[in-house]
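full-length UniProt numbering applies: residue 1 is where the sequence shown begins, and numbers increase by one.
Even glycine gets a Cβ: it sits at the ideal position worked out from N, Cα and C.
All values reported here derive from a predicted model rather than from experimental measurement.
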Amino acid sequence: MTHLFDDDALTGVLGHMNGDHGDDNLLIARAFAADAGIEDGEITASIMTGFDGDGGVWQATLADGSTAEVAVPWPAGPISERREVRREIVALYDEACRRLDLEPRPHA
């Protein structure tokens, strides 16, 4: 059964991702767009809209102004602890950089 995080976890992580990591959201959406049936070049913006124990969800804005959902499973598999969310998002960021042939920045 998929783990559902509480409202505090959702608010905290989404606020941080959308407030401090907008560029990372765009990279992740572009890198995993093909998995959602979207051409990565169509995506002009992205925000993280949710997550659960199975993965994260980003809303991608396309060049024509429409939006599409990009759902990405966590690389290490299902999680159930808030502290694991950061680890998985960092892994998604690293994989996004690999897919897009970009050099990832160091992680603190």
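Around the beta carbon of G55, 16 or more other beta carbons sit within 10 angstroms, so the residue counts as buried.
Between the C-alpha atoms of A68 and D35 there is a straight-line separation of about 12 Å.
G56 sits in a strand when the DSSP states are folded into three classes. Around the C-beta of L100, fewer than 16 other C-beta atoms lie within 10 Å, and the residue is accordingly described as exposed.
Approximately 17 Å separates the beta-carbon atoms of E42 and A71; this is outside 8 Å, ruling out the contact. In this structure, A29 and S46 form a Cβ contact; the two beta carbons are roughly 4 Å apart against a cut-off of 8 Å.
DSSP places T61 within a strand segment (E or B) once states are collapsed to three. Here I28 carries a helix assignment [DSSP, helix/strand/coil].
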